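11 is the number of the first residue of the sequence shown in the working numbering; add one for each residue after it.
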Amino acid sequence: MAQRMRIIVHGYLVRGPLGGIAWHHLQYVLGLRRLGHDVYFIEDSDDYPSCYDPVRNVTDTDPGYGLRFAAAAFSRLGLGARWAYYDAHRRVWHGPARRPAELCASGDILLNLSGVTPLRSWVERIPARVFVDTDPVFTQVRHLKEPAARGRAAAHNVFFSFGENIGHPDCTIPVDGFPWQPTRQPVVLDAWKPTPGDGRHPLTSVMQWGSYAPAEHNGTFYGMKAESFGPYLDLPQKCGERFALAIGSRAEPRRHLERHGWSVTDPREATRDPWTYQAFIASSKAEFGIAKHGYVISRSGWFSERSASYLASGRPVVVQETGFSRWLEAPGGVLPFTTPEEALAQLDALNHGYAFRCRAARATAEEYFESGTVLAQLLAAAMNAAPEALSRR
C-alpha cells in the first residue's frame, strides 16, 4: 500500500440486520482494515422509515435491534470502535466511533455501497466519493426515470458496478450517463473456513422472491427473481435432488413451490446473524441460484455476493448465467446454466467428482474475490478517477 488513507464506508447494516447483508458490508470494512487503512462504517437512517426488525417483522424508524446487531458483529470481528449510526429522525448519533461527523469530514475516500445513503454535509468535501452499484440495470433505469435518484448519484464522482459487463457490446444495461467501472464483492477469506462438503445435504439459497417492482425502459421489461423462476419450477421432480430455499418477501408462493418439491423456510433464522448465515451455507451441498430477470436479459455480468460466500466456504454454485462467464472462468466450482435442460445437466455434473468441485469452489473464491486484490483494484481505480484525493493527507 502506497499510502494509508481514511476511508468511510456507507451502507445498510443497522437498517438491514441480517447475516448475508451484514457480510456484504463487513467485508469491505474488514478488508480495507487488513490493507492498513483507517476505515469506519458510518450508516445513515435516511429520511424515511427504513429500519427492519426481524423479531417484530416490521420496518419503521426504530434502530434498536439493528444497533445491537451491529455492535455484536463489529465487536466479534475486532472492529468494535469503527462504526457509527446517524438517526436523522431524532438527529442523534449512535455507536462507538468518536466524533463521526469529523471523521467523515477528514476522509479521503467515501464508499457508498449500493448508493443507499444520502450524502450529508459532513461527507460532501471528501475528495473521492464512490458510488458502488450492486443492483445493475435497476440502478441505471432509476437514474433515467427518477430525477431525485439521479441527483443523489450525481453527488458522487467515481462510479463502480457489480454489472461487470457494463460497456461491452453484448451488455444492454441502459446508459444513464455515469462512467461506470466494473467491480465485485470482496471476500475476506480467513473469515470463511472451508469445511468438507456433504453430498447428502440439500442445495440451498437465500433469496427475495420480489425485492421491489420490476422496471421498464424503452420497451424492455426487467423483472425480479419471480420472473426468472418459472422455467425451473419442476427441477426437484426431474432430478431427485433436494432443494431448500430460505425465501423472504410477502409475495412468495410458498405452497405452490412446496407442491413442486421445494422446501421453503423463513430466512430469518438462517440470517439471524453473520455466523448463523455461515452455518446455513456450510450445511449445504451447494447453492442453487436464480438471478433477477433483469440481470439475465441484460447480460449484465452480475455475480452474487451470496454465491461468492458459498465459494469461499468450499461449496460449489449452480447458478443462472448473467453473462458472468465472460470474466469468470471457474470450471468445477461454478456451474452456470441458461435453460432448465442445462440446469439439469449441471446438477448431474455436480455429483461427479463432488469433492473436487468443493475444492475448486474455494480456489475460485481465492482467485476472483480475495478482498485484498478486489479492494486494492477498486481503490487504485478510484484514485485515478479522483486524483485530488491523493494529496489530501
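Ideal placement from N, C-alpha and C gives every residue a C-beta, glycine not left out. Since this is a predicted model, take the numbers as computed values, not measurements.
Let me know if residue i comes out buried or exposed under the rule of 16 or more other beta-carbons within 10 Å of its beta-carbon.
{"i": "R403", "result": "The predicted model places R403 with a pLDDT of 44, which falls under 50 and marks its position as unreliable; any figure quoted below should be read in that light. That one is exposed."}
{"i": "N394", "result": "exposed"}
{"i": "V19", "result": "buried"}
{"i": "A138", "result": "buried"}
{"i": "H303", "result": "buried"}
{"i": "Q247", "result": "exposed"}
{"i": "G21", "result": "buried"}
{"i": "K235", "result": "buried"}
{"i": "Y222", "result": "exposed"}
{"i": "D358", "result": "exposed"}
{"i": "E134", "result": "exposed"}
{"i": "A340", "result": "buried"}
{"i": "S171", "result": "buried"}
{"i": "D145", "result": "buried"}
{"i": "S131", "result": "exposed"}
{"i": "G333", "result": "buried"}
{"i": "F419", "result": "The chain is shown only over 11 to 403; residue 419 falls outside these bounds and no answer can be derived."}
{"i": "V384", "result": "buried"}
{"i": "H47", "result": "buried"}
{"i": "A163", "result": "buried"}
{"i": "A365", "result": "exposed"}
{"i": "E112", "result": "exposed"}
Under 6 Å: does the beta carbon of residue i sit that close to some heavy atom of the ligand ATP?
{"i": "D57", "result": "Among the ligands in the structure shown, none appear at all, so the ligand ATP cannot be discussed."}
Please state whether the Cβ-Cβ distance between residue i and residue j is less than 7 Å.
{"i": "V216", "j": "P277", "result": "yes"}
{"i": "K295", "j": "H211", "result": "yes"}
{"i": "V327", "j": "S317", "result": "yes"}
{"i": "F141", "j": "H166", "result": "yes"}
{"i": "R372", "j": "P196", "result": "no"}
{"i": "I52", "j": "A82", "result": "no"}
{"i": "V274", "j": "L245", "result": "no"}
{"i": "G207", "j": "R325", "result": "yes"}
{"i": "R16", "j": "D118", "result": "yes"}
{"i": "H34", "j": "E315", "result": "yes"}
{"i": "L345", "j": "Q356", "result": "yes"}
{"i": "R309", "j": "N122", "result": "no"}
Throw me the rounded Cβ distance for the residue i and residue j pair, which I believe falls under 8 Å.
{"i": "G74", "j": "P284", "result": "Not really, about 19 Å apart at Cβ, beyond 8 Å."}
{"i": "C61", "j": "R25", "result": "5 Å"}
{"i": "G311", "j": "G173", "result": "6 Å"}
{"i": "P128", "j": "D70", "result": "P128 to D70, Cβ: 19 Å. No contact."}
{"i": "R367", "j": "G382", "result": "Not a contact, Cβ separation roughly 25 Å."}
{"i": "F169", "j": "Q150", "result": "So it is not a contact: roughly 10 Å between Cβ atoms."}
{"i": "S335", "j": "Q288", "result": "With a Cβ gap of about 27 Å, S335 and Q288 do not count as contacting."}
{"i": "V198", "j": "G41", "result": "5 Å"}
{"i": "W272", "j": "F253", "result": "5 Å"}
Can you tell me the Cα-Cα spacing of residue i and residue j, whole angstroms?
{"i": "C181", "j": "R109", "result": "44 Å"}
{"i": "M11", "j": "V39", "result": "Because M11 carries a pLDDT of 45, less than 50, the predicted location of this residue cannot be relied on, and the following value inherits that uncertainty. Roughly 16 Å separates the two Cα atoms."}
{"i": "H104", "j": "L89", "result": "15 Å"}
{"i": "W86", "j": "Q387", "result": "One detail in the question is off: residue 86 reads as Arg in this sequence, not Trp. Each residue's alpha carbon lies about 27 Å from the other."}
{"i": "H153", "j": "G233", "result": "17 Å"}
{"i": "H50", "j": "L23", "result": "The sequence shown places Tyr at residue 50, not His. Their backbone Cα atoms lie some 13 Å apart in a straight line."}
{"i": "I300", "j": "W219", "result": "10 Å"}
{"i": "A375", "j": "P59", "result": "36 Å"}
{"i": "T286", "j": "Y320", "result": "14 Å"}
{"i": "E226", "j": "I183", "result": "12 Å"}
{"i": "D97", "j": "Q13", "result": "33 Å"}
{"i": "E351", "j": "E237", "result": "18 Å"}
{"i": "G125", "j": "A392", "result": "16 Å"}
{"i": "A280", "j": "F298", "result": "16 Å"}
{"i": "L213", "j": "R92", "result": "36 Å"}
{"i": "R78", "j": "R265", "result": "34 Å"}
{"i": "C249", "j": "L354", "result": "7 Å"}
{"i": "G258", "j": "N67", "result": "11 Å"}
{"i": "L36", "j": "V306", "result": "27 Å"}
{"i": "H99", "j": "L389", "result": "33 Å"}
{"i": "R44", "j": "A201", "result": "12 Å"}
{"i": "G177", "j": "E377", "result": "24 Å"}
{"i": "C114", "j": "P106", "result": "14 Å"}
{"i": "A396", "j": "Y242", "result": "45 Å"}
{"i": "R282", "j": "A292", "result": "15 Å"}
Tell me the DSSP bridge mates of residue i?
{"i": "H211", "result": "DSSP output for H211 lists no bridge partner at all."}
{"i": "V142", "result": "L123, F170"}
{"i": "I257", "result": "M217"}
{"i": "L113", "result": "Answer by DSSP bridge pairing: none, since L113 is not bridged."}
{"i": "G299", "result": "V329"}
{"i": "Y287", "result": "DSSP output for Y287 lists no bridge partner at all."}
{"i": "V102", "result": "D97"}
{"i": "A225", "result": "Y232"}
{"i": "Y50", "result": "I18"}
{"i": "D63", "result": "V68"}
{"i": "P192", "result": "S171"}
{"i": "V198", "result": "Paired residues: none, contrary to the question."}
{"i": "F2", "result": "Any property of residue 2 remains undetermined from this structure, which presents the chain solely from 11 to 403."}
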